[in-house]
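J.: So the protein lines, in turn, are chains A and B. Residue numbers for the first sequence follow our numbering, beginning at 1 and rising by one. Residue numbers for the second sequence follow our numbering, beginning at 364 and rising by one.
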Amino acid sequence: MLKKTPLNETHRQMNAKMVDFGGWDMPLHYGSQLEEHHKVRQDAGMFDVSHMLPVDIKGDGTRDFLRKLVANNVDKITIPGKALYTCMLTPQGGIIDDLIVYFLTESWFRIVVNAGTADKDVAWILKQRDALAPGLEITPRRDMAMIAVQGPNARAKVWQVIPGSQAATEELKIFQSTTLNHFFIARTGYTGEDGFEIILPAEEAPTFWKSLHAAGVAPAGLGARDTLRLEAGMNLYGQDMDESTSPLESGLNWTVDLKSERDFIGKQALLDSNPTQQLAGLVLLDRGVLRSHQKVVGQVNGQAFEGEITSGGFSPTINQSIALARIAIGVSPGDEVQVLVRDKQLRAKVVKYPFVRNGKVLV
Amino acid sequence: MSIPSDLKYTRSHEWVKIEADGTVTVGITDHAQELLGDMVFVELPKVGDSFSQKQECAVAESVKAAADVYAPISGEVIEVNSALADSPEKINQDAFGSWLFKLKPGNPAELDGLLDAAGYQEVLDSEDH
């Protein structure tokens with residue numbers, strides 16, 4: 001039996017093509033994935049991301065607990081509503097999940113974790129809570145829905161729909177959030193465009209979705225979500241990283257704080273590690289489409305290396321195929337590599353990603 | 364969308380048009396393009412390539428996935444629709460009007476084994492659950 005979000009009926013009414021996404025019955029597209037992609041880059045689109053799970057962590061010492069639990073340093077977030085992107089690691093330095101932590105008060109932080117890892121994450125967090133901070137209250141919020149409204153006009157359209165939201169959120173910077181009545185509104189996203197991710201009570205989600213639609217926000221499915229996040233150079237858990245890879249091999253060095261005195265789960269393993277691989281961006285030079293698991297071969301300092309594409313696809317904004325690939329450290333932007341596609345070797349250029357940000361092609 | 368009655372079909376969702384000169388024109392069906400979604404790339408065989416029946420001879424790639432296209436009958440490729448290289452979306456717009464390649468049949472008797480429109484409809488009905 002597939003799990004359903006509070007918007008399942010609404011998607012069906014809007015003629016979504018539904019697919020099994022890790023046990024969730026989710027919209028892949030509502031007609032054309034490409035049109036949805038362009039709509040988000042140029043105007044505004046919305047995604048049902050209610051399969052993701054908000055988890056509230058409450059009690060005295062929540063900050064101390066998170067300082068230990070996650071790899072990035074929650075001491076960076078001191079303004080109420082401020083968000084932080086981080087990995088949660090195994091003691092071996094493998095990535096259990098990537099998530100966003102929101103600081104609300106000293107006794108209330110909220111994290112949002114991936115759908116496919118939610119059960120595992122909660123079990124891990126409870127286990128750490130029992131060991132480190134038994135007084136804390138950990139509450140998975142399946143009573144909530146989550147809608148991402150993304151695109152250059154996304155915020156303005158949300159302001160039309162939620163009374164008072166313009167005044168409440170206009171001053172929010174990227175990675176800040178606020179609460180307005182039943183709405184938790186964060187200026188975050190997974191598309192490389194401006195916009196909000198909004199958490200609200202499940203029962204209010206269909207009406208809110210329809211109001212956004214009436215304001216001109218296009219429904220967009222997981223297909224467009226994937227091409228948008230790939231263009232934005234954002235990792236997808238389970239594809240670009242998992243428990244067998246560390247953040248240092250996944251382009252996430254910037255999210256790991258190894259400098260402060262703070263100890264966190266996985267820190268020692270990262271300090272002891274000697275990464276030989278990196279995540280690099282590729283732009284295909286020949287015709288074709290890069291896909292995950294295709295082999296990448298090339299030379300670095302006269303040595304042959306072999307790597308693998310972790311996420312690949314067609315970039316609708318660039319109109320060429322792009323990919324993230326795990327390849328040898330030392331391969332640099334500007335280098336050319338070969339990708340094995342069926343019986344052919346296609347040429348690809350290594351680039352610094354993101355590929356696209358705020359509607360602009362960067363490669 | 365209705366299934367044109369003047370074409371033949373395979374269970375793997377290719378359509379086949381038997382031309383007056385005995386050659387055949389091959390494309391993928393509207394159902395196939397709908398399953399695949401927005402097309403972004405088509406890898407065509409080369410003129411002069413020979414294929415046996417049901418052999419992979421082209422690849423249709425959408426935003427979602429790469430799908431093999433199979434030779435509906437054995438034969439030699441005599442022409443390919445190079446225009447699709449620049450506009451693969453034509454397949455989404457008009458699947459039955461967007462051919463991929465033309466074959467000179469190796470064994471014309473294989474044509475008798477292809478499905479007619481009613482037979483192909485039954486295949487679709489049985490897939491529709």
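Idealized CB from N, CA, C, for every residue including glycine. Keep in mind it's a predicted model, so treat the numbers as computed, not measured.
Of all Cβ atoms in chain B, is any one closer than 9 Å to the Cβ of residue 29(A)?
T.: For residue 29(A), the answer is yes, since a Cβ of chain B falls inside 9 Å of its Cβ.
J.: In whole angstroms, give me the CA-to-CA distance for residue 251(A) and residue 278(A).
T.: Residue 251(A) and residue 278(A): Cα-Cα distance of roughly 6 Å.
J.: Taking three-plus beta-carbon pairs below 8 Å as touching, is the region 69-87 of chain A in contact with the region 218-230 of chain A?
T.: Touching, no.
J.: Since residue 454(B) is in the beta strand (DSSP E), which residue starts that stretch and which ends it?
T.: First-last for residue 454(B): 453-456, but that is the alpha helix (DSSP H), not the beta strand (DSSP E).
J.: Cα separation between residue 433(B) and residue 407(B)?
T.: Going by the C-alpha atoms only, they are around 11 Å apart.
J.: Which chain A residues are close to residue 479(B), counting only those with a beta carbon under 7 Å from its beta carbon?
T.: Neighbours of residue 479(B) on chain A: none; closest Cβ ~29 Å, over 7 Å.
J.: Any C-beta of chain A sitting closer than 9 Å to the C-beta of residue 393(B)?
T.: Residue 393(B) does not count as touching chain A.
J.: Could you pull the start and end residues of the beta strand (DSSP E) that residue 179(A) belongs to?
T.: Start and end: 177-180.
J.: Measure the C-alpha to C-alpha separation of residue 190(A) and residue 149(A) and round it to an integer number of angstroms.
T.: Between residue 190(A) and residue 149(A), the C-alpha separation is close to 10 Å.
J.: Mind checking residue 425(B): buried by the 16 CB within 10 Å criterion, or exposed?
T.: By the 10 Å Cβ count, residue 425(B) comes out buried.
J.: Secondary structure at residue 374(B), three-state DSSP: helix, strand or coil?
T.: Residue state, collapsed to three classes: coil.
J.: Tell me, please, whether the region 111-123 of chain A touches the region 83-102 of chain A by the rule of three or more beta-carbon pairs shorter than 8 Å.
T.: The region 111-123 of chain A, when compared against the region 83-102 of chain A, does touch it at the 8 Å Cβ threshold.
J.: Compute the Euclidean distance between the alpha carbons of residue 124(A) and residue 466(B), then round it to the nearest angstrom.
T.: Taking the straight line from one Cα to the other gives about 59 Å.
J.: Return the CA-CA distance between residue 276(A) and residue 313(A), expressed in angstroms with no decimal places.
T.: Each residue's Cα considered, the two are about 25 Å apart.
J.: If we define contact as Cβ-Cβ less than 9 Å, is residue 163(A) a contact residue for chain B?
T.: It does not; no Cβ of chain B falls within 9 Å.
J.: Any heavy atom of the ligand SAH closer than 8 Å to the CB of residue 211(A)?
T.: As for the ligand SAH, it is missing from this structure, which has no ligand bound.
J.: Mind listing the chain A neighbours of residue 400(B)? Cutoff is C-beta to C-beta under 9 Å, in chain order.
T.: Correct list: 17, 28, 29, 32, 33, 34, 223.
J.: Helix, strand or coil for residue 290(A), going by three-state DSSP, please let me know.
T.: In this structure, residue 290(A) counts as coil in the three-state DSSP scheme.
J.: With 8 Å as the C-beta to C-beta threshold (strictly closer), list the residues of the region 400-421 of chain B near chain A in chain order.
T.: Residues passing the 8 Å Cβ filter: 400, 401, 403, 404, 406.
J.: Check whether chain B comes within 9 Å of residue 317(A), counting only Cβ atoms and requiring the distance to be less than that.
T.: Not closer than 9 Å to any Cβ of chain B, the Cβ of residue 317(A) fails to qualify, so no.
J.: Tell me which residue opens and which closes the beta strand (DSSP E) that residue 105(A) is part of.
T.: Residues 95-105.
J.: Let's test the definition: count the other Cβ atoms within 10 Å of the Cβ of residue 232(A) and tell me whether it reaches 16, buried, or not, exposed.
T.: The residue in question, residue 232(A), is buried, as its Cβ has 16 or more Cβ neighbours within 10 Å.
J.: In angstroms, rounded to a whole number, what distance separates the CA positions of residue 353(A) and residue 40(A)?
T.: If you take the alpha carbons of residue 353(A) and residue 40(A), they lie about 19 Å apart.
J.: Shortest alpha-carbon distance to residue 29(A) belongs to which of 439(B), 400(B), 462(B)?
T.: Of the candidates 439(B), 400(B), 462(B), the one whose C-alpha sits nearest the C-alpha of residue 29(A) is 400(B).
J.: Which whole-angstrom value describes the C-beta separation of residue 49(A) and residue 162(A), a residue pair presumed to lie in contact below a C-beta threshold of 8 Å?
T.: No, residue 49(A) and residue 162(A) are not in contact; Cβ-Cβ is about 18 Å, not under 8 Å.
J.: Hey, could you find the ends of the alpha helix (DSSP H) residue 207(A) is sitting in?
T.: First-last of the alpha helix (DSSP H) with residue 207(A): 205-214.
J.: Rounding to the nearest angstrom, what Cα-Cα distance links residue 416(A) and residue 20(A) in this structure?
T.: Outside the modelled stretch of chain A, which goes from 1 to 363, sits residue 416(A), for which no answer is possible.
J.: Kindly indicate if chain B contains any beta-carbon less than 9 Å away from that of residue 196(A).
T.: No, because no Cβ of chain B sits closer than 9 Å to the Cβ of residue 196(A).
J.: Considering only their Cβ atoms, is the gap separating residue 11(A) from residue 26(A) smaller than 9 Å?
T.: The answer is yes: Cβ separation under 9 Å.
J.: Under 8 Å, with one C-beta from each stretch per pair, do the region 267-274 of chain A and the region 288-299 of chain A reach the 3-pair mark?
T.: Output reads no: the region 288-299 of chain A does not touch the region 267-274 of chain A.
J.: Residues of chain B with a CB under 7 Å from the CB of residue 22(A): which are they?
T.: Here the premise fails: no neighbours, minimum Cβ distance about 16 Å.
J.: Looking at chain A, is there any beta carbon in it that lies within less than 9 Å of the beta carbon of residue 380(B)?
T.: Not one chain A Cβ lies under 9 Å of residue 380(B).
J.: Should residue 426(B) be flagged as near chain A, meaning a C-beta pair shorter than 9 Å?
T.: Closer than 9 Å: yes.
J.: Can you check DSSP and say which residues form a bridge with residue 299(A)?
T.: Residue 299(A) pairs with 304(A).
J.: If you measure between the beta carbons of residue 309(A) and residue 282(A), is that distance less than 9 Å?
T.: Contact: yes.
J.: List the endpoints of the continuous beta strand (DSSP E) containing residue 168(A).
T.: Looking at the DSSP string, residue 168(A) is not in any beta strand (DSSP E); the run it does join, the alpha helix (DSSP H), is 165-169.
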